Ligand SMILES: Nc1ncnc2c1ncn2[C@@H]1O[C@H](COP(=O)(O)OP(=O)(O)OP(=O)(O)O)[C@@H](O)[C@H]1O
Ligand SMILES: [Mg+2]
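Residue numbers (the numbering used here), protein chains in the order written: chain A, 38 to 280; chain B, 5 to 245.
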């Protein structure tokens with residue numbers, strides 16, 4: 038109930054200012070643009086959208102997700118409204134989830150804005166739409182993971198710019214750990230275990246599985262584990278800040 | 005109704021509130037006086053369950069704030085010192101949100117919101133965005149928020165701060181009226197407010213109570229003036245924040 042109240046408030050606040058719209062549109066445009074240029078959508082006849090379209094999502098999301106949600110808790114600190122939330126007869130957990138889910142909905146909408154890509158591949162051939170759906174699901178999980186990281190980071194600071202920079206940095210590390218060019222470089226010089234560990238820790242391998250239409254149990258565990266850890270961490274941080 | 009015993013708050017090595025005990029009964033308005041940095045706001049933040057206590061007990065109508073925070077918080081209306089608000093909302097939207105957070109819905113919520121808008125003279129700005137309000141209106145909006153659920157206990161941190169003289173008078177009257185039915189703890193730097201609105205007052209200095217009594221008793225203690233008493237019992241050298 039209180040989660041719902043907070044959720045509605047956050048969502049309204051996202052829609053009363055241009056940031057969320059702007060970033061959702063930037064995401065839609067950039068991901069489509071990249072697919073048709075660097076992604077080589079025309080050349081590789083990529084029906085599953087895996088290699089041309091989804092491939093770039095983590096790179097875009099690692100910057101755009103923190104940009105939408107950097108204010109999530111830092112604003113609460115800087116305007117001191119945390120003192121209101123903290124004295125309402127509610128559990129802080131419901132506030133954390135309400136805010137998280139509101140941002141999650143924004144990203145579900147932003148991903149939805151790229152549906153012309155799906156229309157295009159269906160027009161050109163007969164793709165496996167389940168694989169595409171799985172790709173979108175993977176992309177959404179990347180959003181949620183980056184979002185949870187931003188939530189945690191923004192609970193530390195009252196400065197939204199600091200929150201932005203720190204969350205981008207962390208999301209960037211997670212992304213780069215498993216990025217093909219980096220992995221290839223390590224493979225040439227480093228040991229197999231290093232490659233193995235980095236692939237598993239990074240977000241790309243888990244995401245790629247999804248875009249190929251096979252989300253494994255370990256990948257789900259990876260995403261959900263990270264999300265729950267970050268949100269739990271947020272509640273710890275918010276509690277400890279007061280003592 | 006408010007029962008505080010041996011309340012202590014330490015920030016690192018600094019003691020902000022030191023073994024404070026007081027109580028406020030129904031029908032009482034307790035004025036909380038003291039120099040800057042005395043520990044008034046810190047005490048109030050603990051009473052409202054925002055800050056965890058280092059040591060001591062707080063009970064609101066017999067419910068412990070420490071052991072049973074959610075139940076205790078239902079009984080309290082709180083105006084924080086800085087009058088925090090969500091700037092992207094309208095006054096009405098904000099009050100509606102706060103009422104929902106207090107568990108009100110439907111007709112009860114609508115009535116609570118319109119009643120507190122009326123009580124705090126916010127009719128003219130009800131549909132205005134909070135970000136564009138003047139300081140006094142911001143303060144009143146936050147005050148309205150504390151009255152929504154008609155709480156048994158009111159904790160008001162400098163409720164007349166930033167108000168014009170007319171509004172100061174109105175809010176004092178309001179506090180005095182509400183005090184007949186509720187237990188009110190409010191802090192102020194305006195000593196006239198003590199005799200205007202309080203049934204009792206305490207002066208806090210460096211986290212401890214240094215004077216306690218009815219307005220008459222206190223001014224008698226100060227040789228006829230509350231100012232002199234305040235001057236005598238409080239220290240000039242308060243630790244900087
Ligand atoms: N979060 C905190 N961390 C460290 N010290 C704090 C914190 N909050 C308050 N203090 C310190 O506790 C002391 C009491 O502060 P408090 O805000 O309660 O004073 P006050 O009586 O409300 O003063 P004022 O009249 O200026 O509002 C001050 O010395 C302040 O610096
Ligand atoms: Mg204060």
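Here a beta-carbon is modelled for each residue, glycine too, at the ideal position from N, C-alpha and C.
Since this is a predicted model, take the numbers as computed values, not measurements.
C-alpha gap between residue i and residue j, whole angstroms
{"i": "residue 147 of chain A", "j": "residue 106 of chain A", "result": "14 Å"}
{"i": "residue 62 of chain A", "j": "residue 97 of chain B", "result": "28 Å"}
{"i": "residue 228 of chain B", "j": "residue 203 of chain B", "result": "17 Å"}
{"i": "residue 214 of chain B", "j": "residue 238 of chain B", "result": "8 Å"}
{"i": "residue 80 of chain B", "j": "residue 277 of chain A", "result": "23 Å"}
{"i": "residue 187 of chain A", "j": "residue 184 of chain B", "result": "48 Å"}
{"i": "residue 178 of chain B", "j": "residue 141 of chain B", "result": "16 Å"}
{"i": "residue 101 of chain B", "j": "residue 180 of chain B", "result": "27 Å"}
{"i": "residue 176 of chain B", "j": "residue 160 of chain B", "result": "12 Å"}
{"i": "residue 121 of chain B", "j": "residue 55 of chain B", "result": "29 Å"}
{"i": "residue 45 of chain A", "j": "residue 55 of chain A", "result": "17 Å"}
{"i": "residue 31 of chain B", "j": "residue 207 of chain B", "result": "20 Å"}
{"i": "residue 196 of chain B", "j": "residue 5 of chain B", "result": "25 Å"}
{"i": "residue 42 of chain A", "j": "residue 99 of chain B", "result": "12 Å"}
{"i": "residue 128 of chain B", "j": "residue 118 of chain B", "result": "12 Å"}
{"i": "residue 265 of chain A", "j": "residue 190 of chain A", "result": "14 Å"}
{"i": "residue 281 of chain A", "j": "residue 167 of chain A", "result": "This structure leaves residue 281 of chain A out entirely; chain A is present only between 38 and 280."}
{"i": "residue 123 of chain B", "j": "residue 130 of chain B", "result": "13 Å"}
{"i": "residue 120 of chain A", "j": "residue 70 of chain A", "result": "44 Å"}
{"i": "residue 150 of chain B", "j": "residue 158 of chain B", "result": "7 Å"}
{"i": "residue 279 of chain A", "j": "residue 49 of chain B", "result": "10 Å"}
{"i": "residue 181 of chain A", "j": "residue 135 of chain B", "result": "30 Å"}
{"i": "residue 157 of chain A", "j": "residue 151 of chain A", "result": "11 Å"}
{"i": "residue 115 of chain B", "j": "residue 39 of chain A", "result": "20 Å"}
{"i": "residue 126 of chain B", "j": "residue 145 of chain B", "result": "7 Å"}
{"i": "residue 253 of chain A", "j": "residue 261 of chain A", "result": "12 Å"}
{"i": "residue 153 of chain A", "j": "residue 85 of chain A", "result": "14 Å"}
{"i": "residue 190 of chain B", "j": "residue 208 of chain A", "result": "46 Å"}
{"i": "residue 67 of chain B", "j": "residue 78 of chain B", "result": "10 Å"}
{"i": "residue 245 of chain B", "j": "residue 178 of chain A", "result": "Summary for residue 245 of chain B: the model assigns pLDDT 48, below 50, so the residue's position carries little reliability; its value from the coordinates is reported in the next sentence. Taking the straight line from one Cα to the other gives about 44 Å."}
{"i": "residue 65 of chain B", "j": "residue 183 of chain A", "result": "44 Å"}
{"i": "residue 235 of chain A", "j": "residue 263 of chain A", "result": "16 Å"}
{"i": "residue 75 of chain B", "j": "residue 118 of chain A", "result": "21 Å"}
{"i": "residue 199 of chain A", "j": "residue 101 of chain A", "result": "15 Å"}
{"i": "residue 26 of chain B", "j": "residue 109 of chain A", "result": "38 Å"}
{"i": "residue 232 of chain B", "j": "residue 47 of chain B", "result": "25 Å"}
{"i": "residue 69 of chain B", "j": "residue 51 of chain B", "result": "7 Å"}
{"i": "residue 226 of chain B", "j": "residue 205 of chain B", "result": "13 Å"}
{"i": "residue 230 of chain A", "j": "residue 23 of chain B", "result": "58 Å"}
{"i": "residue 273 of chain A", "j": "residue 131 of chain A", "result": "14 Å"}
CB-CB length for residue i against residue j, believed under 8 Å
{"i": "residue 110 of chain B", "j": "residue 139 of chain B", "result": "The Cβ separation is near 33 Å, so there is no contact."}
{"i": "residue 87 of chain A", "j": "residue 172 of chain A", "result": "6 Å"}
{"i": "residue 7 of chain B", "j": "residue 63 of chain B", "result": "4 Å"}
{"i": "residue 95 of chain A", "j": "residue 244 of chain A", "result": "6 Å"}
{"i": "residue 53 of chain B", "j": "residue 21 of chain B", "result": "Not really, about 15 Å apart at Cβ, beyond 8 Å."}
{"i": "residue 97 of chain A", "j": "residue 67 of chain A", "result": "6 Å"}
{"i": "residue 30 of chain A", "j": "residue 155 of chain A", "result": "The question about residue 30 of chain A has no answer, for chain A in this structure spans 38 to 280."}
{"i": "residue 175 of chain A", "j": "residue 211 of chain A", "result": "Not really, about 14 Å apart at Cβ, beyond 8 Å."}
Neighbour list for residue i in chain B, Cβ cutoff strictly below 7 Å
{"i": "residue 123 of chain A", "result": "54"}
Contacts that residue i makes with chain A (C-beta to C-beta distance below 8 Å)
{"i": "residue 106 of chain B", "result": "125, 126"}
{"i": "residue 278 of chain B", "result": "Missing from the structure shown is residue 278 of chain B; chain B here goes from 5 to 245 and no further."}
{"i": "residue 78 of chain B", "result": "126"}
{"i": "residue 4 of chain B", "result": "Because chain B spans 5 through 245 in this model, residue 4 of chain B falls outside it and cannot be assessed."}
Contacts that residue i makes with chain B (C-beta to C-beta distance below 9 Å)
{"i": "residue 120 of chain A", "result": "49, 52, 54, 82, 84, 85, 86, 88"}
{"i": "residue 39 of chain A", "result": "104, 105, 107"}
Cross-chain neighbours of residue i in chain B, by beta carbon under 8 Å
{"i": "residue 221 of chain A", "result": "Correct list: empty, because the minimum Cβ distance to chain B is about 46 Å."}
{"i": "residue 42 of chain A", "result": "101, 104, 105"}
Chain-ordered neighbours of residue i on chain A, where CB pairs are closer than 9 Å
{"i": "residue 190 of chain B", "result": "Chain A residues near residue 190 of chain B: none, gap ~15 Å exceeds 9 Å."}
{"i": "residue 62 of chain B", "result": "Chain A residues near residue 62 of chain B: none, gap ~13 Å exceeds 9 Å."}
is_contact[residue i, chain D] using C-beta, thresh 8 Å
{"i": "residue 277 of chain A", "result": "The displayed structure is made up of protein chains A and B, and chain D is not among them."}
**Q.** Contained alpha helix (DSSP H) runs [length at least 4] in the segment 77–142 of chain A, N- to C-terminal order
**A.** 78–81, 94–106, 108–115, 119–122
Q. For the segment 194–241 of chain B, which segments carrying the alpha helix (DSSP H) assignment without a break, of at least 4 residues, lie completely within its bounds, in sequence order?
A. 196–201, 219–225, 230–237
Q. Going along the chain, which residues of the segment 267–279 of chain A sit with their C-beta nearer than 9 Å to a C-beta in chain B?
A. 276, 279
Q) Taking the runs of the alpha helix (DSSP H) that are 4 residues or longer, which of them lie wholly in the segment 113–156 of chain B? A) 139–151
Q.
For the segment 45–71 of chain A, list every residue whose C-beta sits within 9 Å of some C-beta in chain B, in sequence order.
A. Result list: 45, 46, 49, 50, 53, 54.
Q.
Report the start-end ranges of each alpha helix (DSSP H) in the segment 145–187 of chain A that is 4 residues or longer and not cut off at the edges.
A. 152–161
Q | Segments of 4+ residues assigned as alpha helix (DSSP H) that fall wholly inside the segment 211–251 of chain A | A | 217–226, 229–238, 241–248
Q: Could you name each continuous alpha helix (DSSP H) segment of 4 residues or more that falls completely within the segment 156–190 of chain B, going from the start of the chain to the end?
A: 169–182
**Q.** Ranges of the alpha helix (DSSP H) found wholly within the segment 66–105 of chain B, counting only runs of at least 4
**A.** Those alpha helix (DSSP H) runs which fall completely within the segment 66–105 of chain B and span 4+ residues are 73–78, 95–105.
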